[in-house]
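Reviewing the structure listed below.
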Amino acid sequence: MKRILHSTVFFIGLILLWQALVSAGLWSPVLLPPPGDVAHYLLKAVRDGSLFEASLVTMGRLLAGYLIGCLLGLPLGLACSRSQMLSDTVGVLALGLQTLPSVCWVPLALLWYGQSETAMLFVVVMGTLWSVLIAVDNGARSLPPIYVRAARTMGSQGIHTLVKVILPASLPFVVSGMKQGWAFAWRSLMAAEIYVTILTGYGLGHLLHFGRELNDMNQVIGVMLVIVVIGLLADKLLFAPWEQFLHRRWGTGR
Amino acid sequence: MTVTSELENPAPAKLAVEHVSKSFRTKRGTLQALDDVSLSVEEGEFVCLVGPSGCGKSTLLNLVTGLDAPDQGTLSSDGVAITRTGRERGMMFQEHALFPWLDVLGNVLFGLKLKPHLSKEERLQVAKFYLELVGLKAFMHANIHELSGGMKQRVALARALAPNPRLLCMDEPFAALDAMTREHLYADLQTIWSRRKKTILFVTHNVREAVCLGDRVVLFSPNPGRIREEFRIDLPRPRDINSVQLAEHATRITRALKSHTEAMTTAE
Numbered sequence: 001m002k003r004i005l006h007s008t009v010f011f012i013g014l015i016l017l018w019q020a021l022v023s024a025g026l027w028s029p030v031l032l033p034p035p036g037d038v039a040h041y042l043l044k045a046v047r048d049g050s051l052f053e054a055s056l057v058t059m060g061r062l063l064a065g066y067l068i069g070c071l072l073g074l075p076l077g078l079a080c081s082r083s084q085m086l087s088d089t090v091g092v093l094a095l096g097l098q099t100l101p102s103v104c105w106v107p108l109a110l111l112w113y114g115q116s117e118t119a120m121l122f123v124v125v126m127g128t129l130w131s132v133l134i135a136v137d138n139g140a141r142s143l144p145p146i147y148v149r150a151a152r153t154m155g156s157q158g159i160h161t162l163v164k165v166i167l168p169a170s171l172p173f174v175v176s177g178m179k180q181g182w183a184f185a186w187r188s189l190m191a192a193e194i195y196v197t198i199l200t201g202y203g204l205g206h207l208l209h210f211g212r213e214l215n216d217m218n219q220v221i222g223v224m225l226v227i228v229v230i231g232l233l234a235d236k237l238l239f240a241p242w243e244q245f246l247h248r249r250w251g252t253g254r
Numbered sequence: 255m256t257v258t259s260e261l262e263n264p265a266p267a268k269l270a271v272e273h274v275s276k277s278f279r280t281k282r283g284t285l286q287a288l289d290d291v292s293l294s295v296e297e298g299e300f301v302c303l304v305g306p307s308g309c310g311k312s313t314l315l316n317l318v319t320g321l322d323a324p325d326q327g328t329l330s331s332d333g334v335a336i337t338r339t340g341r342e343r344g345m346m347f348q349e350h351a352l353f354p355w356l357d358v359l360g361n362v363l364f365g366l367k368l369k370p371h372l373s374k375e376e377r378l379q380v381a382k383f384y385l386e387l388v389g390l391k392a393f394m395h396a397n398i399h400e401l402s403g404g405m406k407q408r409v410a411l412a413r414a415l416a417p418n419p420r421l422l423c424m425d426e427p428f429a430a431l432d433a434m435t436r437e438h439l440y441a442d443l444q445t446i447w448s449r450r451k452k453t454i455l456f457v458t459h460n461v462r463e464a465v466c467l468g469d470r471v472v473l474f475s476p477n478p479g480r481i482r483e484e485f486r487i488d489l490p491r492p493r494d495i496n497s498v499q500l501a502e503h504a505t506r507i508t509r510a511l512k513s514h515t516e517a518m519t520t521a522e
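Chains as they are written, first to last, in the numbering used here: chain A, 1 to 254; chain B, 255 to 522.
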């Protein structure tokens, strides 16, 4: 309860500060609109459905790309951790591609797939895949070998060991890898949406882009706020329960 | 298949180790962990392997469980050659090696879930039986990090016993515990062993511990790892680690251990 109070007071303070800066008249209201105007835009965008629709389009792309990225990255990461050959080939490739900022995939995706959903999906998958792969690989590699040995003396072998021992044992790394993958996917998708207009659906990035085209600062700031809130919600709803479970089981954290 | 048949004790295994050698390559050269070691263990016998660190006693356990393969020689259990790990040969480690992602019950169930003929309900009954045996049924749903060191080793024992192995290898399982906890566990282990006859290979560097638990104490010496001497311990059970008779045996064996180690250092 106290924590919620702290957060609430802090954010109300921030909005008041914002209002105070606007009232001081240091900047033109075109560049820094008052919070009330932004709220007005958000209300309007919620009412006419454009915000909801854009969020839906963006989340759809994000989830699809993220899931594909994780579904590929998890097994590949596990495989790399078990095989030196894979680690020297796929592992090195992943490490190299991970250093590539994911927005750099956008031109290639556009040339390959045109201005299509596939291009968007491709960019998000590329943003997710490599970081998940590397995190899982590192995690599974740093496991104490005693877990596998203990499991073997109880009759576990092969796939069973991989799925029932190595995978759960590296869960802390897997979760942090998936969290990082999520962050990269989110960033790459926003970059792609701002960069290219795709006629099959306008996402939050497009709303942001149109805001700039229309010189509508209310829209720009409003959409940015929505993007921040979605990021926060994803963290709290998607990852916090997992992290709490891990802390409780492993006895780490507070 | 029922729980009763699952809980029934299979005949303990007879173990034969014949002319086994095993070496490891290290940065400083080759380490001869075991050199022409032969050992025969009777059904239901409790054998303690004693020696200074590096004498290959843990290596021998790894060979017996099938976690490692010998360079030379053969190992067999009931006449069947040991070529890989299997649940009929269980192992308990010095570090508890419990899985932190599972609770206490989950750990004990791990090996049972690999037995396809059991139903979920039956597995649960078997797991509870072993948790009862080690006195931790009340902690069934506890997380591993919430247990004390002694409790963790009890869970590890329950987990090793649950798949009903015929041979149990124990690699200094109590070495990391405090003296009080250890004494409790000596008593418990003797009770459990008398109730559920298993062939046990127990590695330790604590001579008293070996005399307290073993039917036979086998002395190892390092570089290269060899068996030096064997002692039969005929003291009545259950044995108290603090008894005078036990101390007498221990003194005799310690003296022998020292003489072997000294003979070695002078030979170098």
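Don't be surprised by glycine CBs; every beta carbon is placed ideally from N, CA and C.
Everything numeric in this text was worked out from a predicted model, so none of it was measured.
- Taking C-beta atoms under 8 angstroms as the contact rule, residue 162 (chain A) and residue 78 (chain A) qualify, at a distance of about 6 angstroms.
- If you check each beta-carbon in the segment 350-364 of chain B against every beta-carbon of chain A, the ones closer than 7 angstroms belong to 351, 353, 354, 355 and 364.
- The alpha helix (DSSP H) runs of length 4 or more contained entirely in the segment 269-331 of chain B are, from start to end of the chain, 311-319.
- Looking at the DSSP output, residue 335 (chain B) bridges to B:330.
- Contact between residue 274 (chain B) and residue 329 (chain B) holds, with the beta-carbon distance rounding to 6 angstroms and staying under 8 angstroms.
- The segment 414-426 of chain B and the segment 443-462 of chain B touch, with three or more beta-carbon pairs separated by less than 8 angstroms.
- Contact of residue 319 (chain B) with chain A is assigned, a C-beta pair being separated by under 8 angstroms.
- Residue 187 (chain A) sits close to residue 127 (chain A), with the two beta carbons spaced by under 8 angstroms.
- Within the segment 468-509 of chain B, the beta strand (DSSP E) runs of at least 3 residues that lie entirely inside it are, in chain order, 470-475 and 480-486.
- Residue pairing for residue 455 (chain B): DSSP places it in a beta bridge opposite B:301 and B:423.
- Between the beta-carbon of residue 351 (chain B) and that of residue 410 (chain B) there is about 6 angstroms, and that keeps the pair under the 8 angstroms contact cut.
- Burial state of residue 282 (chain B) is exposed, judged by a 10 Å Cβ sphere holding fewer than 16 other Cβ atoms.
- Under the 8 angstroms Cβ criterion, the segment 215-230 of chain A does not count as touching the segment 73-88 of chain A, having fewer than three qualifying pairs.
- If you check each beta-carbon in the segment 141-157 of chain A against every beta-carbon of chain B, the ones closer than 9 angstroms belong to 144, 146, 147, 149, 150, 151, 152, 153, 154, 155, 156 and 157.
- For residue 345 (chain B), the enclosing beta strand (DSSP E) starts and ends at 343-346.
- Taking the Cβ atoms as the reference, residue 471 (chain B) lies roughly 5 angstroms from residue 302 (chain B), within the contact range of under 8 angstroms.
- Judged by DSSP secondary structure, residue 188 (chain A) falls within the alpha helix (DSSP H) whose first and last residues are 171-195.
- Residue 218 (chain A) sits in a helix when the DSSP states are folded into three classes.
- DSSP places residue 437 (chain B) inside the alpha helix (DSSP H), whose first and last residues are 433-449.
- Contacts with chain B at 8 angstroms (Cβ-Cβ) include residue 171 (chain A).
- The three-state reading of DSSP puts residue 138 (chain A) in helix, counting H, G and I together.
- Considered as a whole, the segment 361-387 of chain B harbours 374-387 as its complete alpha helix (DSSP H) runs of no fewer than 4 residues, in chain order.
- For residue 140 (chain A), the closest C-alpha among the options A:35, A:170 and A:112 is that of A:170.
- In the assembly as shown, residue 505 (chain B) is an exposed residue. Its beta-carbon has fewer than 16 other beta-carbons within 10 Å.
- Residues of chain B with a Cβ closer than 9 angstroms to the Cβ of residue 251 (chain A) are, in chain order, 354, 397, 398, 399 and 400.
- Contact between residue 121 (chain A) and residue 65 (chain A) holds: their C-beta atoms lie close to 5 angstroms from each other, under 8 angstroms.
- For residue 366 (chain B), same chain residues with a beta-carbon under 7 angstroms away, outside a window of 5 residues either side, are 372, 377, 380, 381, 416 and 417 in chain order.
- Chain order gives the chain B residues near residue 248 (chain A) as 397, where near means a beta carbon separation below 8 angstroms.
- Below the 7 angstroms Cβ cutoff, chain B contributes 355 as neighbours of residue 168 (chain A), in chain order.
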